[in-house]
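*Asks:* Numbering (this note's numbering), first residue to last: 10 to 323.
#1: When burial is assigned at 16 or more other CB atoms within 10 Å of the CB, is residue 219 buried or exposed?
#2: Can you tell me where the beta strand (DSSP E) holding residue 144 begins and where it ends?
#3: What distance in whole Å lies between the Cβ atoms of residue 185 and residue 246, which are believed to be in contact at a cut-off of 8 Å?
#4: Three or more beta-carbon pairs under 8 Å between the stretch 104 to 119 and the stretch 164 to 171, yes or no?
#5: Mapping DSSP to helix, strand and coil, what is residue 313?
#6: The alpha helix (DSSP H) that contains residue 197, what's its start and end?
#7: Enumerated in chain order, which unbroken segments of the alpha helix (DSSP H) with a length of 4 residues or greater are wholly contained in the stretch 210 to 273?
#8: Which residues does DSSP pair with residue 96 in a beta bridge?
#9: In whole angstroms, what separates the C-alpha of residue 301 from that of residue 84?
#10: For the ligand PLP, any of its heavy atoms closer than 7 Å to the Cβ of residue 254?
#11: Thinking just about the alpha-carbon of each residue, which of 197, 93 and 192 is nearest to the one in residue 75?
#12: Do the stretch 106 to 114 and the stretch 196 to 211 touch if we need at least three Cβ pairs shorter than 8 Å?
#13: In angstroms with no decimal places, state the Cα-to-Cα distance between residue 189 and residue 253.
#14: Just the C-alpha distance for residue 182 and residue 71, rounded to the nearest angstrom, thanks.
#15: Going by DSSP in three states, residue 183 sits in which element: helix, strand or coil?
#16: Measuring CB atoms only, is the stretch 131 to 146 touching the stretch 43 to 59, in the sense that at least three cross pairs come out at less than 8 Å?
#17: Hey, would you say residue 101 sits closer than 8 Å to residue 193, going by beta carbons?
#18: By Cβ distance below 6 Å, which residues in the same chain neighbour residue 144 in space, the five residues on each side in sequence not counted?
#19: Relative to the C-alpha of residue 90, which candidate in 77, 80, 106 and 73 has its C-alpha closest?
#20: DSSP beta-bridge partners for residue 134?
#21: Across which residues does DSSP place residue 153 in a beta bridge pair?
#22: Would you give the residue range spanned by the beta strand (DSSP E) that residue 68 belongs to?
#23: Give me the Cβ distance between residue 149 and residue 259, rounded to the nearest whole Å; I'm assuming they're in contact under 8 Å.
#24: Which two residues bound the contiguous beta strand (DSSP E) that contains residue 169?
#25: List the residues that DSSP assigns as beta-bridge partners of residue 113.
#26: Report the option in 172, 177, 187 and 242 whose CA atom is closest to the CA atom of residue 98.
#27: Residues bridged to residue 129 by DSSP?
#28: Alpha carbons only, please: which of 42, 43, 128 and 63 is nearest the one belonging to residue 77?
#29: For residue 139, list the residues DSSP reports as bridge partners.
#30: Determine whether the beta carbon atoms of residue 47 and residue 126 lie at a separation below 8 Å.
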């Protein structure tokens with residue numbers, strides 16, 4: 010198993026993450042339902058194209074109306090604005106369109122199903138992902154013991170109504186605090202957490218292709234990294250997996266990441282994307298384990314080629 014710099018690890022994870030974003034098709038059935046999406050091809054996807062389109066509608070019932078939107082036409086929420094503690098602005102696309110029924114339109118086009126789906130909000134649903142790493146031989150990062158099919162679910166994550174004010178997801182901060190309290194006084198725990206919030210760095214902000222997305226609701230993700238090279242901050246956590254988020258320290262495996270990237274190459278359907286994926290693979294072989302900034306540039310090229318609205322900070 011190979012040790013490699015934290016920046017390279019972050020770059021490789023972003024390559025894998027972007028591969029999920031750049032997918033433009035959806036599965037036939039909406040997740041956890043028997044509802045079939047209407048067929049949407051590349052030509053009919055843009056809203057500007059007038060087509061005969063009558064997709065099914067689905068909005069999962071709200072358990073709590075305080076944390077979930079009821080029918081958009083009934084309330085006509087203040088889309089493209091911040092209000093009532095909910096940020097309905099898109100940092101990825103700017104102002105998105107809202108139709109005559111007061112339904113926001115997914116900036117990435119038609120998805121084959123109307124409504125809110127199983128998401129909580131009409132319009133953008135903001136998710137915050139945090140990648141925490143500490144130096145070791147090899148490097149380690151915080152991971153969930155078991156996670157779902159999406160790339161971000163390996164890391165601590167949480168939906169939030171106020172992404173700009175979410176310095177750390179509430180659940181994650183609670184786990185961190187609980188773990189550190191086992192070994193350090195409250196004042197030290199507070200200091201470690203505050204320093205971590207100041208050290209966090211935004212590495213990605215953009216649209217996320219998710220099977221839960223609909224014509225009127227979609228996911229936008231913010232990925233932060235918090236590095237603790239000296240293991241004097243969050244690196245002091247023990248994280249045995251017996252916490253509320255099932256978090257533990259995991260050893261970073263470059264070979265495993267390369268395998269995932271090869272899988273991306275094999276599954277690529279877009280010609281430009283496939284060629285670029287091969288370039289990424291070759292770049293890995295030629296630059297390991299050094300310049301991560303080159304990889305971040307390559308990730309940016311992936312974004313530009315497939316037309317994703319996103320921003321990277323390298």
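Here a beta-carbon is modelled for each residue, glycine too, at the ideal position from N, C-alpha and C.
*Replies:* Well, looking at it:
#1: Locating residue 219 in the chain shown gives position 210, counting from the first residue. The residue in question, residue 219, is buried, as its Cβ has 16 or more Cβ neighbours within 10 Å.
#2: Numbered from 1 along the chain shown, position 135 holds the residue referred to as residue 144. Neither: residue 144 is in no beta strand (DSSP E) and is coded neither H nor E.
#3: As a position in the chain shown, residue 246 is number 237, starting the count at 1. As a position in the chain shown, residue 185 is number 176, starting the count at 1. Confirmed, Cβ separation roughly 7 Å.
#4: no
#5: On the chain shown, residue 313 is found 304 positions in, with the first residue counted as 1. With a pLDDT of 42 at residue 313, under the threshold of 50, the predicted position of this residue should be treated as unreliable, though the coordinate-derived value follows. Helix.
#6: Taking the chain shown and counting its residues from 1, the one referred to as residue 197 is at position 188. Where residue 197 is concerned, the enclosing alpha helix (DSSP H) stretches over 195 to 208.
#7: none
#8: Along the chain shown, one-based indexing puts residue 96 at 87. Paired residue(s): 91.
#9: Numbered from its first residue, the chain shown carries residue 301 at position 292. Numbered from its first residue, the chain shown carries residue 84 at position 75. For residue 301, the predicted structure reports a pLDDT of 46, less than 50, and the residue's modelled location is therefore unreliable. The matter cannot be settled from this model.
#10: You won't find the ligand PLP in this model; it holds no ligand whatsoever.
#11: For the purposes of this step, residue 75 is taken as the residue at position 66 of the chain shown. Taking only the C-alpha atoms, the option nearest residue 75 is 93.
#12: no
#13: Locating residue 189 in the chain shown gives position 180, where the first residue counts as 1. Locating residue 253 in the chain shown gives position 244, where the first residue counts as 1. Near 14 Å, if we compare the C-alpha coordinates of residue 253 and residue 189.
#14: In the chain shown, the residue the question calls residue 182 occupies position 173. In the chain shown, the residue the question calls residue 71 occupies position 62. Cα-Cα distance, rounded: 26 Å.
#15: The residue labelled residue 183 in the question sits at position 174 within the chain shown. Residue 183: helix per DSSP, three-state reduction.
#16: no
#17: Here the question's residue 101 lines up with position 92 in the chain shown. Here the question's residue 193 lines up with position 184 in the chain shown. Contact: no.
#18: The sequence position of residue 144 within the chain shown is 135, counting from 1. Hits under 6 Å: 238.
#19: Counting from 1 along the chain shown, the entry for residue 90 is found at position 81. Here the closest residue by C-alpha is 106.
#20: Sequence index remark: in the chain shown, residue 134 carries index 125 (1-based). Looking at the DSSP assignment, residue 134 forms a beta bridge with 228.
#21: By one-based count along the chain shown, residue 153 stands at place 144. Paired residues: 256.
#22: Numbered from 1 along the chain shown, position 59 holds the residue referred to as residue 68. Where residue 68 is concerned, the enclosing beta strand (DSSP E) stretches over 66 to 68.
#23: In the chain shown, counting from the first residue as 1, residue 149 sits at position 140. In the chain shown, counting from the first residue as 1, residue 259 sits at position 250. Contact flag correct, Cβ pair sits at about 6 Å.
#24: Translated into positions along the chain shown, residue 169 becomes position 160. Unbroken beta strand (DSSP E) run through residue 169: 166 to 169.
#25: Position 104 of the chain shown, counted from the first residue, corresponds to residue 113. BP columns for residue 113 point to 107.
#26: For the purposes of this step, residue 98 is identified with residue 89 of the chain shown, where counting begins at 1. Closest option to residue 98, Cα to Cα, is 172.
#27: Working through the chain shown from its first residue, we reach residue 129 at position 120. According to DSSP, which records beta bridges pairwise, residue 129 is partnered with nothing at all.
#28: Here residue 77 refers to the residue found at position 68 of the chain shown. The option with the nearest alpha carbon to residue 77 is 128.
#29: Locating residue 139 in the chain shown gives position 130, counting from the first residue. Note: residue 139 sits in a beta bridge opposite 233.
#30: Here the question's residue 47 lines up with position 38 in the chain shown. Here the question's residue 126 lines up with position 117 in the chain shown. Cβ distance not < 8 Å, so residue 47 and residue 126 don't count as in contact.
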